[in-house]
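Novice: Got a structure for you, questions after.
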Amino acid sequence: MIQESHNFTLDGIKIIPYNRIEGIRHKKFEKTSEKIFSEEGLIKFNQKIISHTSLKNFESLFKSLKKQNFHCIVESSTKKKNIFSIGEILEINEKSVVIKNYDATGKIEKISDRILFKNINFITFNDLYSLTFRKYLKE
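If you're matching positions, the sequence shown starts at 240 in the working numbering and goes up one per residue.
Below is the structure:
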């Protein structure tokens, strides 16, 4: 679980499956950014969200996100295609999650996306895009 940032603004939490991580960098650039974030008072982690988000497994993760009423962005891939899903978490079982997907116009799609956990690359939640966009959804 990492906190994303863009232009010195914290923007959402990203969950990356351990087996998808190729390396971690913490050199001059990252140390400088960390110093600026700290001195500007921009590091404000929401401990309540962190403590209420389960990282035990995908099933418990999505259940904890649903309980906190987060929409999420799930980036996944199969052998044939890359899939981008954004929306409300509808169903969760031991192997998959169902996302009530919406498009870039705010229209909720008629068919929800069932995503197998084994195909997930990234999960993002509590980001400015999904927190704001969900207010303007239309059936």
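Even glycine gets a Cβ: it sits at the ideal position worked out from N, Cα and C.
Which class does Glu378 belong to by DSSP, given the choice of helix, strand or coil?
Specialist: Here DSSP, grouped into helix, strand and coil, assigns Glu378 to coil.
Novice: Could you tell me how far apart the beta carbons of His310 and Glu330 are, in whole angstroms, since I believe they sit closer than 8 angstroms?
Specialist: Going by Cβ atoms, the distance from His310 to Glu330 rounds to 15 angstroms, so no, they are not a contact pair.
Novice: Which residues mark the beginning and the end of the beta strand (DSSP E) in which Lys339 is found?
Specialist: Ser335 to Asn340
Novice: As a quick exercise: from Phe361, Lys357 and Glu279, pick the residue whose alpha carbon is nearest that of Asn246.
Specialist: The shortest Cα separation from Asn246 among Phe361, Lys357 and Glu279 belongs to Glu279.
Novice: Sorted by chain position, which residues of the same chain lie with C-beta nearer than 7 angstroms to Phe301's C-beta, five sequence neighbours on each side aside?
Specialist: Ile328, Ile331 and Val336
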